[in-house]
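K.L.:
Protein chains: 2
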Amino acid sequence: MRSVYLDNAATTRVLPEVLDAMLPYFKDYYGNPQSLHRWGDAAREALDEAREKVAALIGGQPEEIIFTASGSESNNLAIKGLARAQQAKGKHVVVSAIEHFSVLNSAQTLEKMGFEVTHVSVDRYGIVDPEEVARSLRGDTILVSIMHANTEVGTIQPIREIAAVVKKAGVAFHTDAVAAAGNIPIDVKTLGVDALSLAGNQFYGPKGAAALWVKKGTRIIPLIDGGVQENGRRAGTENVPAIVGLGKAAELARLEMDSRGRRLTTLRDKLIGGVLSRIDRTVLTGHPAQRLPGNASFCFEFIEGESILMLLDQQGIAASSGSACTSRALKASHVLISMGAPHEIAAGSILFTLGLDTTEEDIDYVLEVLPPIVDRLRQMSPLYARFVKAQAGRS
Amino acid sequence: MRSVYLDNAATTRVLPEVLDAMLPYFKDYYGNPQSLHRWGDAAREALDEAREKVAALIGGQPEEIIFTASGSESNNLAIKGLARAQQAKGKHVVVSAIEHFSVLNSAQTLEKMGFEVTHVSVDRYGIVDPEEVARSLRGDTILVSIMHANTEVGTIQPIREIAAVVKKAGVAFHTDAVAAAGNIPIDVKTLGVDALSLAGNQFYGPKGAAALWVKKGTRIIPLIDGGVQENGRRAGTENVPAIVGLGKAAELARLEMDSRGRRLTTLRDKLIGGVLSRIDRTVLTGHPAQRLPGNASFCFEFIEGESILMLLDQQGIAASSGSACTSRALKASHVLISMGAPHEIAAGSILFTLGLDTTEEDIDYVLEVLPPIVDRLRQMSPLYARFVKAQAGRS
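Order-wise, the sequence lines are chains S and R.
This note's numbering puts the first sequence at residues 32 to 426.
This note's numbering puts the second sequence at residues 32 to 426.
#1: Are the segment 171 to 191 of chain S and the segment 318 to 329 of chain S touching, with three or more C-beta to C-beta distances below 8 Å?
#2: If you count every other CB in all the chains shown that lies within 10 Å of the CB of Ser103 of chain S, and 16 or more means buried, which is it?
#3: What alpha helix (DSSP H) runs, 4 residues minimum, are completely inside the segment 67 to 117 of chain R?
#4: Going by the CB atoms, is the gap between Ile255 of chain R and Gly107 of chain S shorter than 9 Å?
#5: Under the rule that 16 or more other beta-carbon atoms within 10 Å means buried, what is Asp225 of chain R, buried or exposed?
#6: Classify His374 of chain S as buried or exposed, calling it buried when 16 or more other Cβ atoms lie within 10 Å of its own Cβ.
#7: 9 Å is my cut-off, CB to CB: does Tyr156 of chain R come that close to chain S?
#8: Under the assumption that Leu88 of chain S contacts Gly231 of chain S (Cβ atoms under 8 Å), give the Cβ distance between them as a whole number of angstroms.
#9: Run down chain S in chain order and give the residues with a C-beta less than 7 Å from the C-beta of Phe57 of chain R.
#10: The segment 60 to 89 of chain S: which residues have C-beta closer than 7 Å to a C-beta of chain R, in chain order?
#11: The alpha helix (DSSP H) that contains Ser137 of chain S, what's its start and end?
#12: Report the CB separation of Leu408 of chain S from Ile339 of chain S in whole angstroms; it is logged as a contact under 8 Å.
#13: Let me see if you follow: with CB-CB separation under 9 Å, is Tyr396 of chain S close to chain R or not?
#14: Using 8 Å for Cβ pairs, my map puts Ala73 of chain S next to Gly62 of chain S. What's the rounded Cβ distance?
#15: At least one CB of chain S closer than 9 Å to the CB of Thr182 of chain R: is that the case?
#16: Tell me whether Ser412 of chain S sits in a helix, a strand or coil according to DSSP, three-state version.
#17: Look up Ser351 of chain S in the DSSP assignment and say whether it is helix, strand or coil.
#18: Whole angstroms are fine: how far does the CA of Pro47 of chain S sit from the CA of Lys246 of chain S?
#19: When you check each C-beta in the segment 248 to 277 of chain R against every C-beta of chain S, which residues fall closer than 8 Å?
#20: Is there a Cβ from chain R that is less than 9 Å from the Cβ of Leu343 of chain S?
#21: According to DSSP, is Val419 of chain R helix, strand or coil?
#22: Could you say which of R:Ile274, R:Ala41, R:Thr390 lies nearest to Gly258 of chain S if we only look at CA atoms?
#23: Apply the 10 Å Cβ neighbour rule to Thr384 of chain S and answer buried if 16 or more other Cβ atoms are within range, or exposed otherwise.
#24: From Gly248 of chain R to Asn262 of chain R, what does the alpha carbon distance come to, in whole angstroms?
#25: Quick check for students: name the residue ranges of the alpha helix (DSSP H) that lie wholly in the segment 148 to 186 of chain R, counting only runs of 4 or more.
#26: Interface residues of chain S around Thr42 of chain R at Cβ under 7 Å?
#27: Taking the alpha helix (DSSP H) that Ala200 of chain S falls in, what are its first and last residues?
#28: Spell out whether any CB of chain S is found under 9 Å from the CB atom of Asp393 of chain R.
#29: Roughly how far, in whole angstroms, is the beta-carbon of Arg9 of chain R from the beta-carbon of Leu243 of chain R, given that I think they are within contact range, below 8 Å?
#30: Which chain R residues are close to His179 of chain S, counting only those with a beta carbon under 8 Å from its beta carbon?
#31: Using a 10 Å radius around the Cβ and a threshold of 16 neighbouring Cβ atoms, would you call Gly170 of chain R buried or exposed?
#32: How would you write the range of the alpha helix (DSSP H) that Asn262 of chain R sits in, first residue to last?
#33: Between the alpha carbons of Lys220 of chain R and Ala211 of chain R, how many angstroms are there, rounded?
#34: For His131 of chain R, which residues in chain S fall below 9 Å Cβ to Cβ?
#35: Give the DSSP bridge partners of His205 of chain S, in chain order.
#36: Check whether the Cβ of Gly102 of chain S lies closer than 9 Å to any Cβ atom in chain R.
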C-alpha cells in the first residue's frame, strides 16, 4: 500500500542533511556550551552558528534569538514574558480568536494574574481586520499577539498592516509565526513586529528546537529561571544537536524558500481543485489565496473528520482534522467556529498539509481514495439521509 | 595529546546504544504523537515505552512522569507549579541554600508573586539537617524542595529523613535529583517524596529530554500552557527522539547502576587520594563518603579555579570550576560559600566528574599533569607569596 504523509502541519520529517548536521553533536562534540574547555567551545560555536542561521531566516540579529524547546514554549515566553515585563504600564492584552492554544491559554493564565484579554474576531476566511485591532486598543494595552498564519486553515494574516496600527499606538506586537516561518518569506523588519515565534519541526528541522525572536531593547521576563543560558532569558542546558538541526533547517528553508513554495502551491492547488470538483457539499476552509503553500483544508458536510481520518489511515494516508495539539480532545475546532462555521460543518474538517516529500502521484492517490470514503461515510450518516430526503421532497 | 573528559556533571556523552535507539524517530517514525494515524501511533507508542522506562528508573508509575526539555525546566515546573497549585493553603516555601539556580531563582520568582521563602543552611560538608528543615516549617508552609545530590560538591542529602519530617507536617516535598538520578539508586516510594526532577543528559542520554515525576493525586499548575500533551501538564510537541533516548538511557542506567557505581567510586577515590597526597593546601569539598560516585571536587588554596581550568584544557583535560549553568558568570560558588568556605578558598575550586568513558590511565594522566599546574599558578600568586613569607617568618 502507498504511504502518503500529508500531516506536515503536525510535524515535518527531518531532512537527511539536517540529521547529518546534528549527528556530530551527539557523538563527538557533546560538551555543554557553558563549559570552559574545548568540548564546551565546540558546542558554543555550534550554537552561535545556528543562531546566525535562524536570525537570517527572518531578517533578525543573532543576539535577538532566544532558543526554546517548542513553538508552544516560544509563545508562552512571549505572551507571559512580554506582558509581565510591562505590567506597570497596563494590564490589557489583545489576541485573535483563532490563535493557537499556547497563545490563548497563556492569555488565560494572564487573566488569572489580573490581566484583561480582548479577543478580536476574524472573517469567514479567518482574516483579522487591522481596523478591528485598532479599535481594540486601549490606554492600558501593553501587548497584541496575532498569528502570522493559521495551521488549521492556512490563512495568512496581513501582519504588516496589523503591526502598523499596533506600533502607531506604541504597543508591543508579537506574532506566532510557528506555521509560517520557514514556509513563507518573513522579514521582521518589514513586518514591523517586536517578537516572533518559530519552530524547527515545521520546516524539516527536529522536534525540540524552536526560537523566540525578540527585538533588541524589548524587555522580557523569563519563563524558565536558573542559569545564564540565552543571556539569562531562558535557563537550562541548551539542546545543542537539536539547535544545530534547527539552524541547518533554517538555512535550507531560506535558500530553497521560493522553489519549495512554488512546487507546494502547484500541488496544493491540484489537490484543492480535485477535491472540490469530485466531492459535492465540500467547502475549502481558510482564505482561497492568502494561504500557506502546503495547506489544503476542507469541511465535508454531514460527516465527522475523525471517521474520514481513520479510513484514510487504512489507505496509508496521514491527514489531520485540525491542530495536532488538540486532536485527541476531539472537539470542534475553535478556529472554524470563530470563522462562522456551524458546529455540524466544523465537525467534518480535514486538513491535508503537503511537504517536500509530497509527489503528484500522492495527490492523484488522495483524489482517487478520498471520494469513495466520503461517499461511504455519508451513506451511513443520518444527517445526510435527512438532507437527501429534504432534497427529494423539494424536487 | 590525550583527551580526558572529566566534566560529566556539565553533561555526559550520549551512549551509542542511546543514539541508535533515537535515530529511527528522526528518519522513519517522525510523526507527531498526537496525530490520529500510523505515524502518530508509532511516535505515541515510543513515548509510552520511554515513560515506562523512566518511571522504572525511580520506582514510579508511567502516568506520573511529565516529560520536559531540561532539568531546569523540571525544577521550574515543580517549584512554581506545586506552589501555585496550593497557594490557597499558604504561601511559604522552604529550600536549601545550596540548591541549583533553577530552584533558587524559581523561588525568587515566587517571592515576587507574594510568597515567602526560607533558605535552610548546610554544614561544612553541604549536608542539610532534617531537624533544621523541621524547624523551618510553619503553618503556611506548602512546599519544601531539597536537592538529592549537589552537582558541584557531590554531597548526597538524607532525603528520606528530610521527607519524613516534611510529610509528617503534611507539606509537599520536591527533590531536585538531576545530579543523582541515573547515577545512584532512587526509589520515590522509599524516599517518600511527592515530586522529583531528573535529566537524561546527566546519565548518558541526550540533551533536551528530562522529566518531572509527580506523585499521583498531586496538583500542579503547568508552566507551558497550550495543547493536551503530557495530560495537559506540559504543552508543546513532544521531542520524541530525545525522549526515546532518555528512556533508553534510563533503562541502561537501571540495569548497570551497581557496576557503574562501583567502577566510578574506585576511580574517584584514586583521584581524590592522589590529588590530596600530591598537592598540599588542598581541600576535598563535599562529604567524604556521602557523595556521588563520579564526583571529585577540590579547592586549591591561593589560586583561581578558572586559571587551573585553562591550563588543564591546554593539556586536553576537561574539568569545571562549579556548575556549568553559571560557569561563565565567574562568581564564587554559592554552594561553597554556604558550606562556610572563605571566598579566597572557594575561588580555587575545581570539579572533576568522572563518567563511563573514564579510564585508570585518565586518572594517572590527571595526577601527573595537575600538580605542576597548581605549582606554576601558585608561583605567580601574590596570596601564595604572602603565605610562604609568613611561613618562613614563623620557622
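Just so you know, even glycine gets a beta-carbon here, dropped at the ideal spot from N, CA and C.
P.N.:
In this structure, then:
#1: yes
#2: With a 10 Å radius around the Cβ and a threshold of 16 neighbouring Cβ atoms, Ser103 of chain S comes out buried.
#3: 69 to 89, 102 to 116
#4: For the sequence presented, residue 107 of chain S should be read as Asn rather than Gly. Contact annotation: Asn107 of chain S and Ile255 of chain R have beta-carbon atoms nearer than 9 Å.
#5: buried
#6: exposed
#7: no
#8: Not confirmed; about 10 Å, so no contact.
#9: Val45, Leu50, Pro237
#10: Tyr61, Gly62, Asn63, Gln65, Ser66, Leu67, His68, Arg69, Trp70
#11: Per DSSP, Ser137 of chain S belongs to the alpha helix (DSSP H) from 132 to 143.
#12: The C-beta distance from Leu408 of chain S to Ile339 of chain S rounds to 7 Å, short enough to meet the 8 Å contact threshold.
#13: no
#14: 6 Å
#15: no
#16: coil
#17: strand
#18: 32 Å
#19: Leu254, Ile255, Asp256, Gly257, Gly258, Val259, Gln260, Ala266, Gly267, Thr268, Glu269, Asn270, Val271, Pro272, Ala273
#20: yes
#21: Helix.
#22: That would be R:Ala41, whose Cα lies nearest to the Cα of Gly258 of chain S.
#23: buried
#24: 13 Å
#25: As far as the segment 148 to 186 of chain R is concerned, its whole alpha helix (DSSP H) runs of at least 4 residues are 161 to 167.
#26: Tyr61, Gly62, Asn63, Thr268
#27: First-last for Ala200 of chain S: undefined, no H or E at that position.
#28: It does not: the Cβ of Asp393 of chain R has no partner Cβ on chain S nearer than 9 Å.
#29: With chain R covering only 32 through 426, there is no way to say anything about residue 9 of chain R.
#30: Going along chain R, no residue has its Cβ under 8 Å from His179 of chain S, so there is no contact; the nearest lies around 17 Å.
#31: exposed
#32: 260 to 263
#33: 16 Å
#34: In chain order: Gly257, Gly258.
#35: S:Ser176, S:Ala226
#36: Yes, its Cβ sits closer than 9 Å to a Cβ of chain R.
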